[in-house]
Ligand code: MN
Ligand code: MN
Ligand code: ZN
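Numbering (my numbering), first residue to last: 218 to 500.
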C-alpha cells in the first residue's frame, strides 16, 4: 500500500524524504511554499534535484502538494480571486519542478453569496488555472467537511465542477476521510461504507480519485466540523478504517496522513494501520 504523511519543509525540501522514509512512509504531502503567504522565493534547480534524488533514495513513491490555505476560488472579491488563480499556477509550476503530479486545494467558500454562485466561480477559476497548468500536474480538488460556507462537502459539488469545466482531464479528486465523514457520509458499517463509495462512483467516479487524505474525525457524522483525529481514535474508528484500508479499489491510491501530532506521531498511526491490515488476514 502507499501510505504517506504531510511533512514539514521548514528545513528545506530535500530533508523531508529522509524523515518520511525513516518512519516507514512511502509517500508524502508537502506545501511547496509557506501556506499562509502569497509569495515565496523561487525554488532553485539544485534543491529540486536533491529532493527528487532523496525521494528515490528513501523509497518515496509519490509526493503530493497541498496548496496555500489563502486560496479561495469561490470568492466574490476580485483581488482575492486573481491572487488565488495566480497562486495555483505558481504552485503548479513549483510542483512540476519537484516531480509532483497532484496539487490539492479546497474548492472554496462562497462567503454568503450562495452555493450556485460559488460553484460558478470555482469553474471559472479552474478553467483559468488549466490554461496555464504544466502538462505533468493535475489540479486536485479536495472534498471538504462543509464548515462555514465551504463548498465540496457533497459529491454533487465535485460532479458539477467536473461536468462544467473546459477540460476535466486536467483535474483529479482527493477524498479526505475525516471531511466526508463530518460532511455526513457514513464509513463505519459495511453497508454504509459501500453506499458512500457507490455514491462517489456514480457522481464523481473512481477514475478521478488520485489521493486519499487518511484522517479520523474528532467530530460526529454530519457535524460539518473539520477536526482531524489520529487513526482509530476518532468517530470513524478502527471499523471505518478497516473498510477503507481493505477496499481493493483504493489499493494503488496514495493515502496521506494529516493527523494531529504530525511526523512526531505518525508512527502511532502506522501501528494502528498495520494492526488493522493484519487483523484482516484472519477474517
Ligand atoms: Mn486540505
Ligand atoms: Mn485533507
Ligand atoms: Zn481537514
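Virtual Cβ for every residue (Gly too), placed ideally from N, Cα, C.
Note that the structure is a prediction, hence the values are computed from the model and not measured.
Where residue 350 and residue 492 are concerned, what is the direct C-alpha to C-alpha distance, given to the nearest angstrom?
Here residue 350 refers to the residue found at position 133 when the chain shown is read from its first residue. Here residue 492 refers to the residue found at position 275 when the chain shown is read from its first residue. CA-CA distance, residue 350 to residue 492, rounds to 40 Å.
To the nearest angstrom, report how far apart residue 455 and residue 249 are at their CA atoms.
As a working note, residue 455 is residue 238 in the chain shown. As a working note, residue 249 is residue 32 in the chain shown. Each residue's Cα considered, the two are about 32 Å apart.
Taking 7 Å as the line, does the beta carbon of residue 464 fall inside it for any heavy atom of ligand 3?
One-based indexing of the chain shown puts residue 464 at position 247. Incorrect: residue 464 has no Cβ contact closer than 7 Å to ligand 3.
Test item: CB-CB of residue 434 and residue 390 under 8 Å
Numbered from 1 along the chain shown, position 217 holds the residue referred to as residue 434. Numbered from 1 along the chain shown, position 173 holds the residue referred to as residue 390. No, these two residues do not count as a Cβ contact at 8 Å.
Could you say if the stretch 450-468 and the stretch 373-381 meet the contact criterion of at least three C-beta pairs nearer than 8 Å?
Because the criterion of three Cβ pairs below 8 Å is not met, the stretch 450-468 and the stretch 373-381 do not touch.
Would you kindly work out how many angstroms separate the C-alpha atoms of residue 471 and residue 318, rounded to a whole number?
Position 254 of the chain shown, counted from the start, is the residue given in the question as residue 471. Position 101 of the chain shown, counted from the start, is the residue given in the question as residue 318. Taken atom to atom, the span from the alpha-carbon of residue 471 to that of residue 318 is near 12 Å.
Just to confirm, does residue 283 get its C-beta within under 7 Å of one of the non-hydrogen atoms of ligand 1?
As a first step, residue 283 is located in the chain shown; it is residue number 66 there, counting from the start. Checking the Cβ of residue 283 against ligand 1 gives yes.
DSSP beta-bridge partners for residue 446?
Taking the chain shown and counting its residues from 1, one reaches residue 446 at position 229. In the DSSP assignment, residue 446 is bridged to 433.
Excluding five sequence neighbours on each side, which residues of the same chain lie with their C-beta closer than 8 Å to the C-beta of residue 477?
Numbered from 1 along the chain shown, position 260 holds the residue referred to as residue 477. Around residue 477: 445, 446 and 447.
Measure the alpha-carbon distance for residue 311 versus residue 247 and round it to whole angstroms.
What you label residue 311 is simply residue 94 of the chain shown in a count that begins at 1. What you label residue 247 is simply residue 30 of the chain shown in a count that begins at 1. One alpha carbon belongs to residue 311, the other to residue 247, and they sit about 11 Å apart.
Can you tell me which residues form a DSSP beta bridge with residue 223?
Position 6 of the chain shown, counted from the first residue, corresponds to residue 223. In the DSSP assignment, residue 223 is bridged to 246.
Could you tell me if residue 419 is buried or exposed, where buried requires 16 or more neighbouring beta carbons within 10 angstroms of its beta carbon?
By 1-based counting over the chain shown, the position of residue 419 is 202. Label assigned to residue 419: exposed.
Provide the residue span of the alpha helix (DSSP H) that contains residue 423, from first to last.
Here residue 423 is taken as the residue at index 206 of the chain shown, counted from 1. Unbroken run through residue 423: none, as it is neither H nor E.
Name, in chain order, the residues that DSSP records as bridge partners for residue 367.
Counting from one through the chain shown, the residue named residue 367 turns up at place 150. According to DSSP, residue 367 shares a beta bridge with 326.
Use the C-beta contact count for residue 363: other C-beta atoms within 10 angstroms, 16 or more gives buried, fewer gives exposed.
Against the chain shown, residue 363 aligns to sequence position 146. By the neighbour-count rule (16 or more Cβ atoms within 10 Å), residue 363 is buried.
Chain-ordered list of residues that sit, by beta carbon, closer than 6 Å to a heavy atom of ligand 3:
Spelled out in chain order, the answer is 393, 395, 396, 443 and 445.
Would residue 412 pass as an interface residue toward chain B - the criterion being a Cβ-Cβ separation below 8 Å?
Protein chain content of the structure displayed is limited to a single chain, and chain B is not contained in it.
Mind checking which residues open and close the beta strand (DSSP E) that includes residue 390?
On the chain shown, residue 390 is found 173 positions in, with the first residue counted as 1. Element bounds for residue 390: 388-393.
With a Cβ-Cβ cutoff of 8 Å, do residue 398 and residue 368 count as a contact?
Within the chain shown, residue 398 is the residue found at index 181, counting from 1. Within the chain shown, residue 368 is the residue found at index 151, counting from 1. Note that the C-beta distance between residue 398 and residue 368 is not below 8 Å.
Within its chain, find whatever has a CB closer than 8 Å to the CB of residue 219; leave out the 5 residues flanking it on each side and keep chain order.
On the chain shown, residue 219 is found 2 positions in, with the first residue counted as 1. Excluding residues within five positions, the ones whose Cβ falls inside 8 Å are 243, 244, 278, 279, 469, 470, 471 and 472.
Taking 7 Å as the cut-off, does the CB of residue 495 come closer than this to any heavy atom belonging to ligand 2?
Taking the first residue of the chain shown as position 1, residue 495 is located at position 278. At a cut-off of 7 Å, the beta-carbon of residue 495 does not count as near ligand 2: no heavy atom of the ligand is closer than that.
Could you check what DSSP says for residue 413 in three-state terms: helix, strand or coil?
As a working note, residue 413 is residue 196 in the chain shown. Three-state result, residue 413: helix.
Span separating the alpha-carbon of residue 406 from that of residue 412
Working through the chain shown from its first residue, we reach residue 406 at position 189. Working through the chain shown from its first residue, we reach residue 412 at position 195. Residue 406 and residue 412 have their C-alpha atoms spaced approximately 10 Å apart.
When the Cβ atoms of the stretch 260-273 are set against those of the stretch 319-337, are three or more pairs found closer than 8 Å?
Touching, no.
Quick one: does the C-beta of residue 374 sit closer than 7 Å to a heavy atom of ligand 2?
Against the chain shown, residue 374 aligns to sequence position 157. Not under cutoff, so the answer is no.
Within its chain, find whatever has a CB closer than 7 Å to the CB of residue 235; leave out the 5 residues flanking it on each side and keep chain order.
Counted from its first residue, the chain shown places residue 235 at position 18. For residue 235, where only same-chain residues beyond five positions count, the Cβ hits under 7 Å are 271 and 275.
Please look up how many angstroms separate the CB atoms of residue 360 and residue 392, rounded, as I've assumed it's under 8 Å.
As a first step, residue 360 must be located in the chain shown, where it is residue number 143. As a first step, residue 392 must be located in the chain shown, where it is residue number 175. Confirmed, about 5 Å.
Any heavy atom of ligand 1 inside 7 Å of the beta-carbon of residue 223?
The residue labelled residue 223 in the question sits at position 6 within the chain shown. Because no heavy atom of ligand 1 lies under 7 Å away, the Cβ of residue 223 does not count as near it: no.
Taking residue 400 as the reference, which of 424, 366 and 341 has the closest Cα?
Sequence index remark: in the chain shown, residue 400 carries index 183 (1-based). Taking only the C-alpha atoms, the option nearest residue 400 is 366.
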